[in-house]
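The block underneath contains the structure these notes are about, expressed in C-alpha cells.
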Amino acid sequence: MTTFGLDGLSRKARAVSRSISAENFTGAKSGGGRATEGTGAVAASRLGPGWKISPSIDIAAGGTATLADIEGPGTIRHLWCTTAPHAAWRSTLLRIHWDGEETPAVEVPLGDFFCNGWNTFSQVSSVPVAANPNGGFNAYWPMPFRRAARITLENLSAETVTLYYQVDYELGEVPEDSTYFHAQWRRSHPVPFGEEHTLLEGVTGAGSYVGTYLAWGVNSPGWWGEGELKFFMDGDDEFPTICGTGTEDYFGGAWNFDVPGQGYTAYTTPYLGLNQILRPDGLYGSQQRFGMYRWHILDPVHFSEDLRITVQSLGIGPGQGNGLPHRYRHTSDDIASTALFYLDSPSSGSLPRTPDLLTLEVD
Numbered sequence: 034m035t036t037f038g039l040d041g042l043s044r045k046a047r048a049v050s051r052s053i054s055a056e057n058f059t060g061a062k063s064g065g066g067r068a069t070e071g072t073g074a075v076a077a078s079r080l081g082p083g084w085k086i087s088p089s090i091d092i093a094a095g096g097t098a099t100l101a102d103i104e105g106p107g108t109i110r111h112l113w114c115t116t117a118p119h120a121a122w123r124s125t126l127l128r129i130h131w132d133g134e135e136t137p138a139v140e141v142p143l144g145d146f147f148c149n150g151w152n153t154f155s156q157v158s159s160v161p162v163a164a165n166p167n168g169g170f171n172a173y174w175p176m177p178f179r180r181a182a183r184i185t186l187e188n189l190s191a192e193t194v195t196l197y198y199q200v201d202y203e204l205g206e207v208p209e210d211s212t213y214f215h216a217q218w219r220r221s222h223p224v225p226f227g228e229e230h231t232l233l234e235g236v237t238g239a240g241s242y243v244g245t246y247l248a249w250g251v252n253s254p255g256w257w258g259e260g261e262l263k264f265f266m267d268g269d270d271e272f273p274t275i276c277g278t279g280t281e282d283y284f285g286g287a288w289n290f291d292v293p294g295q296g297y298t299a300y301t302t303p304y305l306g307l308n309q310i311l312r313p314d315g316l317y318g319s320q321q322r323f324g325m326y327r328w329h330i331l332d333p334v335h336f337s338e339d340l341r342i343t344v345q346s347l348g349i350g351p352g353q354g355n356g357l358p359h360r361y362r363h364t365s366d367d368i369a370s371t372a373l374f375y376l377d378s379p380s381s382g383s384l385p386r387t388p389d390l391l392t393l394e395v396d
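Residue 153 in my numbering sits at position 120 of the sequence shown; the count goes up by one each step and never skips.
Right under this line is the structure:
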C-alpha cells in the first residue's frame, strides 16, 4: 500500500499503478492508446493510431456503462470525469460495487458525488474532492477492495451523455483492518412540515462517517439554516450522542453565512465549504439554492454498531413582540443529501430506494 503524505513519496512501494479510461478500458499494462475507433476517430483521422482516437464514451438514453471492472486486491486512488451536457450531473447515477456484491456501496447522482448537485458549475477546492472549471470532477477518497471493484454510470435521461473519465488505482495488498467506502443519496422534496430530513439510516456494523454534501433549496422567506445535525449511533434512540448547533455551524460558518454589506458569502476550504449560492433571478430562478460540504477527515465520526443521521428543516420567524427575540419555525425545504462513510462490510445492508429521474430532477 502507498504511504500517504509527502514523506511517503520517497518510500519504495510494493503496489503497482494502473489506470482505466476510454483509452484503456481494462487498465492493462501497455494497453493504453491502442484504439482504432472511438469518439475521436474522425478528429484524429489524419493522425493515426495513438492520437486520441478514443478519449470518451457515449452512454445512450437509458443505458448503463461499465467504467471499471477490476480484480483485486487493490485501492482506487483517484476518480476524474466530465460530461456533456452538464444536465447529466443530476440525470446519471454513479454506482460502485465491492467484492462482487450485488448491492452497490455507492449510489449517488454524479454531480452530487462531486458537490455539484444543481446542474450548474461550482468550484470546490477541498482535500478529497475538487471540482474545477468547467465541470472537471475529481475525487481522492481512498477506496480499498479485496477481490473486485466495479464502477458503472447509468444514464436516466432521454439524451445521449458523453463521458470523459479516468480511474486511477493501485494493485497490491490491502491491510486487514481496511474498511469499504460507501455513499448514499436521499432527497426530501420537500421536507414534510415539522419533520426532519434523514441523511443516513439502517446502517449496521462498525465504521467511520467521513462526509456530508447538501444541495439545499429554500422554500420559505427569511433565514433557513437553524436546523441541527444529529448523529444517532450505537443504540441511540430518541436522543443523539452528537448534536450540532445549526446548519451553518456544522459547515464551519456562522451567523447565517451573512457578511454585512455582501450577504451570503461562498467559501471553499480543505475540509468544509459553502461552495454554491444560486440566487433568484426574478423570473424562472425563483428560489435560493445552496451547495455545502463538510469532510470529517480530521474528525471522523466512529461507530461500532449502527448509525443514523438527520438534519432539521428549521428557520427563523418574525420577533415575538413585547421585547422578546425571534422565534424558530419549521420549514419545508428541498434537501438532497450525500452521506459518505466507511464500513467493515462491502454492503451496508440498507440502501435507499433507487431514485428515478423525476426524483432527481432540478431546473
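Idealized CB from N, CA, C, for every residue including glycine.
Can you name, in chain order, every residue of its own chain whose Cβ lies under 7 Å from the Cβ of residue i, other than the five neighbours on each side?
| i | result |
| --- | --- |
| residue 35 | In this prediction, residue 35 has a pLDDT of 48, which is less than 50 and means its spatial position is unreliable; nothing more can be read from the coordinates. |
| residue 133 | 180, 181 |
| residue 257 | 251, 348, 364, 366 |
| residue 94 | 188, 190, 191, 192, 193 |
| residue 83 | 66 |
| residue 224 | 230, 346, 365, 366, 368 |
Out of the options, point me to the one whose CA is closest to residue i's CA.
| i | options | result |
| --- | --- | --- |
| residue 29 | 363, 238, 173 | With the chain covering only 34 through 396, there is no way to say anything about residue 29. |
| residue 196 | 148, 143, 346, 114 | 114 |
| residue 330 | 344, 108, 244 | 244 |
| residue 419 | 286, 224, 187 | This structure cannot speak to residue 419, because the chain is shown only from 34 to 396. |
| residue 185 | 98, 78, 104 | 98 |
| residue 280 | 247, 235, 71 | 247 |
| residue 328 | 302, 316, 315 | 302 |
| residue 304 | 107, 174, 389, 206 | 174 |
Sorted by chain position, which residues of the same chain lie with C-beta nearer than 6 Å to residue i's C-beta, five sequence neighbours on each side aside?
| i | result |
| --- | --- |
| residue 277 | 261, 262, 283 |
| residue 322 | 151, 250, 311 |
| residue 123 | 142, 144, 152, 393, 395 |
| residue 68 | 86, 87 |
| residue 342 | 232, 233, 264 |
| residue 146 | 127 |
| residue 235 | 383 |
| residue 337 | 239, 267 |
In whole angstroms, what separates the C-alpha of residue i from that of residue j?
| i | j | result |
| --- | --- | --- |
| residue 90 | residue 214 | 26 Å |
| residue 313 | residue 288 | 21 Å |
| residue 384 | residue 176 | 19 Å |
| residue 242 | residue 333 | 6 Å |
| residue 157 | residue 109 | 21 Å |
| residue 55 | residue 85 | 10 Å |
| residue 111 | residue 129 | 14 Å |
| residue 26 | residue 148 | Any property of residue 26 remains undetermined from this structure, which presents the chain solely from 34 to 396. |
| residue 292 | residue 275 | 28 Å |
| residue 449 | residue 391 | The shown model of the chain, from 34 to 396, leaves out residue 449, and the question about it has no answer. |
| residue 38 | residue 155 | 27 Å |
| residue 295 | residue 286 | 15 Å |
| residue 118 | residue 167 | 11 Å |
| residue 220 | residue 264 | 18 Å |
| residue 346 | residue 370 | 13 Å |
| residue 191 | residue 218 | 22 Å |
| residue 172 | residue 100 | 15 Å |
| residue 44 | residue 318 | 52 Å |
| residue 165 | residue 159 | 11 Å |
| residue 131 | residue 75 | 37 Å |
| residue 79 | residue 125 | 34 Å |
| residue 344 | residue 70 | 49 Å |
| residue 297 | residue 360 | 21 Å |
| residue 352 | residue 358 | 5 Å |
| residue 226 | residue 386 | 22 Å |
Which first and last residues belong to the beta strand (DSSP E) in which residue i is found?
| i | result |
| --- | --- |
| residue 384 | Looking at the DSSP string, residue 384 is not in any beta strand (DSSP E), and its letter there is neither H nor E. |
| residue 393 | Segment 390-393 is the alpha helix (DSSP H) holding residue 393; no beta strand (DSSP E) there. |
| residue 374 | 367-376 |
| residue 361 | 360-363 |
| residue 214 | 213-221 |
| residue 116 | 107-117 |
| residue 342 | 339-345 |
| residue 334 | 334-336 |
| residue 99 | 97-104 |
| residue 177 | 176-178 |
Would you kindly report the start and end of the unbroken alpha helix (DSSP H) that includes residue i?
| i | result |
| --- | --- |
| residue 280 | 280-283 |
| residue 146 | 143-146 |
If I measure Cβ to Cβ from residue i and keep anything under 8 Å in the same chain, skipping five residues before and after, which residues do I get?
| i | result |
| --- | --- |
| residue 52 | 60, 65, 199, 200, 201, 202 |
For the region 370-382 against the region 267-276, are there 3 or more C-beta pairs whose distance is under 8 Å?
no
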